[in-house]
Structures are given as C-alpha cells and as structure tokens.
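*Asks:* Take the sequence shown: its letters are residues 1352 to 1669, numbered as in this note's numbering. Beta carbons are placed, not taken as given, at the ideal position from N, Cα and C, and that holds for glycine. Quick one: structure below, then a few questions.
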Amino acid sequence: MRALCTQTLAATPEGIAQAARLLSAGALVALPTETVYGLAGDARNPDAVAGIFAAKGRPQHNPLIVHLADLDQALALAEIPAQGLALARAFWPGPLTLVAPLRAGHGLAPAVTAGLDSVALRLPAHPAARALLNAFGGPIAAPSANPSGRISPTTAAHVLAGLDGRIAAVLDGGACAVGLESSIVGFDGVTALLLREGGISRDALEAVLGARLGRDGSGKITAPGQLAAHYAPRAALRLDARAPEPQEVWIGFGPDCKGAELSLSLTGDLEEAAARLFAVLHAADAKGRAIAVAPVPERGLGTAINDRLRRAAAPKGA
Ligand code: TXA
Ligand code: MG
1352 MRALCTQTLA ATPEGIAQAA RLLSAGALVA LPTETVYGLA GDARNPDAVA GIFAAKGRPQ
1412 HNPLIVHLAD LDQALALAEI PAQGLALARA FWPGPLTLVA PLRAGHGLAP AVTAGLDSVA
1472 LRLPAHPAAR ALLNAFGGPI AAPSANPSGR ISPTTAAHVL AGLDGRIAAV LDGGACAVGL
1532 ESSIVGFDGV TALLLREGGI SRDALEAVLG ARLGRDGSGK ITAPGQLAAH YAPRAALRLD
1592 ARAPEPQEVW IGFGPDCKGA ELSLSLTGDL EEAAARLFAV LHAADAKGRA IAVAPVPERG
1652 LGTAINDRLR RAAAPKGA
C-alpha cells in the first residue's frame, strides 16, 4: 500500500508548524525523539490512531505510548504513584516511559491503550519533538516508526525505508542520540517494575528509587508488545560470535574484533553501541547475508542492547 506521497519536513519552525497542522488534520507524521523515531498521530482521534496500527501492521492488542509536552499534561491523564513521580523528576524529559492507571475523562481514543485501564506516558527530550508537542498542544500517540516486528528507525531514511507512501510526512531531526527505545516502568500497586529495558540503565533507575525494580513478567503487568521475535532483520542473526563464519557479516564490539565489517563501538563504549545498534543492524541487513554479532557485556546499557539482539535473533513468527 503506497497511497500517499510522504513529505520530508526539515526540523525548522516552518517544518514543525506543518507537522502540527498535519497532526491536527488527523494525518500521521514520523517524529524524531532522542530514542528512536516515532509514528505520531493525535491520541484523541480514533481515525488517526487506527491509521497508526494500519501503517505499522501492528496487532490491536499492543497499546501505544502517549507523548506529552509537560508533567501537567501527564498528570491530567494518569495517576502516577510517588515512585513514578520521583523517576519523572529525575528523567523527564528523556528516555523513560511510565505506565500508570488512567484517570476518568482522559479523552484518549480507546485503541491507544488497547482497552487497558493503564496508559504509557513519556516526555521526550529531542528539541524537535518538544517543539512539535508544544505547537500541537495535545497528546501524541507514537509507537516506533517501523513496520511491526522490524528494526526500529534511528534516522529519517530508516523511517522512509519502512513506511514511505504510508504516512503523510517525516520530520527529519537527524540521527537519534540514545538509539534504544525508552525504559518502561510500571507499578504493581506501589512496587515499581521494569517492563522493558531501554535507554536508561536499571542501575540509574534504581539509584533514584533507592530500591530494586521488580522483574519484567514477574508481576501481573507486562508490556504486551514484548514479543520474542522483534527488531528483526530479514537475515538470520547469530549472537555471541567471536569470529564470523564464511559469508557472514560480522558486527564487532570493542577493540578485539579485528576484521569485523561493522562495529557497534570500536572502543567498547556501551552508550555508543546503543546509539549505533539499529543503524548497524539496518546496514548489515542491507548486505543481504547472514549476520553474526560479537558478545556485548551484560552491564549498564548492555542489558538493553542484549535484549534487542536476542529478539532480533529469535526465530521469526515466534
Ligand atoms: O522510546 C520509545 O519508547 C519509542 C519512542 C517513539 O517514544 N516508542 C516505542 O513505542 O518504543 P513502541 O510502541 O514501539 O513500544 C511501546 C511499548 C510496547 O511494548 C507496548 O506494549 C508498551 O509500550 N505499552 C504501551 N502501553 C502500555 C500499557 N498500558 N501497559 C503496559 N505496556 C504498555
Ligand atoms: Mg517498537
């Protein structure tokens, strides 16, 4: 389906004003955030929200994150527990999503939350996202701007590679600095649970809470979009590869991976590896050969990187 001519808008005042007009008219616009590009629509408009699910081929049971300009807008939609407010004060705007109980009269289209009584909220830090949220003035629903199950986009070119002709516009804000989706924290009563590893390390979240985060999946609440197979290149992907097999594209990490065709970080820097992860996977996939990835240490952002790599390696259709 290529029904639309997708415009590329510059992240200038004019481009942002045009993006806000498109959102107000119910159209879909890909917007840059510091994590990945999001596929944005008016979260109050049922047709716009239905369009997001259709453009991505996303299952209806997988709820969307609502992006907001400020904490007051978030508090109008949900009852955020005290621990959530502490995290919000420390990390908003930034790569943190909080899942909290919806307030009555929230005004969101029901499909945004997939019928749950909770909502996922985030205040992004990217200046173009903030400018668009301010210009638009309302809640913006935005999943990552990739066809469902594929690699997340960290440039406008990645967005167009997956969604050209399916959305009205992409606002080009350059490459995403964090490169991994937001960390998602939910609550079982007052206990904070890490529902998705992401752009803020578990250690940094726990330092603010002064307590350990519950494990994803151990409680009743989980992020329903956490499918085993996700972030998937077309090619097969092999993990913990200390050397490539013949024909494989080897993605290295650190200075020991001599001869790797691509590298997440030549110096072994986990923040750099996070920022480059999806771009390197897109580049490896474009070569049309099987992919092998060197081991990435399971500390700091390494746990979120390994989470994405395991899902990218999972058998398709799982
Ligand atoms: O960094 C990000 O979070 C990016 C940018 C665009 O903001 N967005 C993103 O959205 O990663 P998406 O749709 O790809 O992932 C959203 C995740 C899904 O796993 C979904 O199931 C979960 O958030 N989620 C949304 N609402 C939820 C809720 N009420 N309860 C539990 N999980 C929820
Ligand atoms: Mg996604």
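Compare the C-alpha of residue 1547 against each of 1533, 1661, 1541, 1482 and name the closest.
*Replies:* Minimum Cα distance to residue 1547 is reached at 1533.
*Asks:* Between the segment 1522 to 1532 and the segment 1374 to 1394, can you find at least three pairs of beta-carbon atoms closer than 8 Å?
*Replies:* Counting Cβ pairs under 8 Å, three or more are found: they touch.
*Asks:* In whole angstroms, what is the alpha-carbon distance linking residue 1569 and residue 1356?
*Replies:* Only weak support exists for where residue 1569 lies, its pLDDT of 48 falling under 50; the value from the coordinates is given anyway. Answer to the nearest angstrom: the Cα atoms are 45 Å apart.
*Asks:* Of the choices 1558, 1453, 1358, 1640, whose alpha-carbon is the least far from that of residue 1434?
*Replies:* Out of 1558, 1453, 1358, 1640, 1558 has the C-alpha closest to the C-alpha of residue 1434.
*Asks:* Can you name, in chain order, every residue of its own chain whose Cβ lies under 7 Å from the Cβ of residue 1653, other than the five neighbours on each side?
*Replies:* Once the five neighbours on either side are set aside, the close Cβ partners of residue 1653 are 1621, 1647.
*Asks:* Could you tell me which residues DSSP pairs with residue 1360 in its beta bridges?
*Replies:* Its beta-bridge partners are 1522.
*Asks:* Output the residue ranges of the alpha helix (DSSP H) runs that lie fully inside the segment 1366 to 1452 and measure 4 residues or longer, sorted by chain position.
*Replies:* The qualifying runs are 1397 to 1407, 1422 to 1428, 1433 to 1442.
*Asks:* For residue 1499 and residue 1405, I'd like the C-alpha separation in whole angstroms.
*Replies:* Whole-angstrom Cα-Cα distance: 10 Å.
*Asks:* Rounded to the nearest angstrom, what separates residue 1493 and residue 1664 at their Cα positions?
*Replies:* Distance between the alpha carbons of residue 1493 and residue 1664: 25 Å.
*Asks:* For residue 1565, list the residues DSSP reports as bridge partners.
*Replies:* Note: residue 1565 sits in a beta bridge opposite 1544.
*Asks:* State the beta-bridge partners of residue 1642 as determined by DSSP.
*Replies:* Looking at the DSSP assignment, residue 1642 forms a beta bridge with 1588, 1600.
*Asks:* By the DSSP assignment, the alpha helix (DSSP H) with residue 1510 in it spans what residues?
*Replies:* 1507 to 1514 is the extent of the alpha helix (DSSP H) around residue 1510.
*Asks:* Does ligand 2 have even one heavy atom less than 6 Å from the beta-carbon of residue 1495?
*Replies:* Residue 1495 Cβ: within cutoff of ligand 2.
*Asks:* By DSSP, does residue 1656 sit in helix, in strand, or in coil?
*Replies:* In the structure shown, residue 1656 sits in a helix (DSSP, three-state: H, G or I).
*Asks:* Can you tell me the Cα-Cα spacing of residue 1427 and residue 1378, whole angstroms?
*Replies:* The alpha-carbon atoms of residue 1427 and residue 1378 are separated by roughly 24 Å.
*Asks:* Hey, how far is the Cα of residue 1302 from the Cα of residue 1537?
*Replies:* The chain is shown only over 1352 to 1669; residue 1302 falls outside these bounds and no answer can be derived.
*Asks:* Name, in chain order, the residues that DSSP records as bridge partners for residue 1458.
*Replies:* DSSP output for residue 1458 lists no bridge partner at all.
*Asks:* Can the beta-carbon of residue 1359 be found less than 7 Å from the beta-carbon of residue 1521?
*Replies:* Yes, the Cβ-Cβ distance between residue 1359 and residue 1521 is below 7 Å.
*Asks:* Buried or exposed, going by whether 16 or more other CB atoms sit within 10 Å of the CB of residue 1419?
*Replies:* Result: buried.
*Asks:* Determine which residues share a DSSP beta bridge with residue 1534 and list them.
*Replies:* In the DSSP output, where bridge partners are listed per residue, residue 1534 has 1447.
*Asks:* Does any heavy atom of ligand 1 sit closer than 6 Å to the C-beta of residue 1584?
*Replies:* The answer is no for residue 1584.
*Asks:* Compute every distance between the C-beta of residue 1430 and the non-hydrogen atoms of ligand 1, then say whether any falls below 6 Å.
*Replies:* No, the Cβ of residue 1430 stays beyond 6 Å of every heavy atom of ligand 1.
*Asks:* Please report the residue range of the beta strand (DSSP E) in which residue 1529 lies.
*Replies:* Unbroken run through residue 1529: none, as it is neither H nor E.
*Asks:* Please tell me whether, using a cut-off of 6 Å, the distance from the CB of residue 1452 to the nearest non-hydrogen atom of ligand 1 is below it.
*Replies:* Every heavy atom of ligand 1 is 6 Å or more from the Cβ of residue 1452, so no.
*Asks:* If you check the beta carbons only, do residue 1551 and residue 1442 fall under 7 Å apart?
*Replies:* Against a cut-off of 7 Å, the Cβ pair of residue 1442 and residue 1551 comes out as a contact.
*Asks:* Say the cut is 6 Å; is the CB of residue 1414 nearer than that to a heavy atom of ligand 1?
*Replies:* Correct: residue 1414 has its Cβ closer than 6 Å to ligand 1.
*Asks:* When the Cα atoms are used, what is the spatial distance from residue 1649 to residue 1583?
*Replies:* In a straight line, the C-alpha of residue 1649 is about 21 Å away from that of residue 1583.
*Asks:* Under the assumption that residue 1613 contacts residue 1659 (Cβ atoms under 8 Å), give the Cβ distance between them as a whole number of angstroms.
*Replies:* Not confirmed; about 16 Å, so no contact.
*Asks:* Does the segment 1409 to 1425 come close enough to the segment 1470 to 1479 to have 3 or more Cβ pairs within less than 8 Å?
*Replies:* Yes, the segment 1409 to 1425 is in contact with the segment 1470 to 1479.
*Asks:* Can you tell me which of the three DSSP states residue 1647 falls into?
*Replies:* Coil, per DSSP.
*Asks:* DSSP on residue 1484, reduced to helix/strand/coil?
*Replies:* Three-state DSSP puts residue 1484 in a helix.
*Asks:* Quick check: residue 1619 and residue 1605, are their CB atoms within less than 7 Å of each other?
*Replies:* Yes, these two residues count as a Cβ contact at 7 Å.
*Asks:* With residue 1470 as the anchor, note down where its beta strand (DSSP E) starts and where it stops.
*Replies:* That run of the beta strand (DSSP E) goes 1469 to 1473.
*Asks:* Hey, how far is the Cα of residue 1396 from the Cα of residue 1460?
*Replies:* Each residue's Cα considered, the two are about 6 Å apart.
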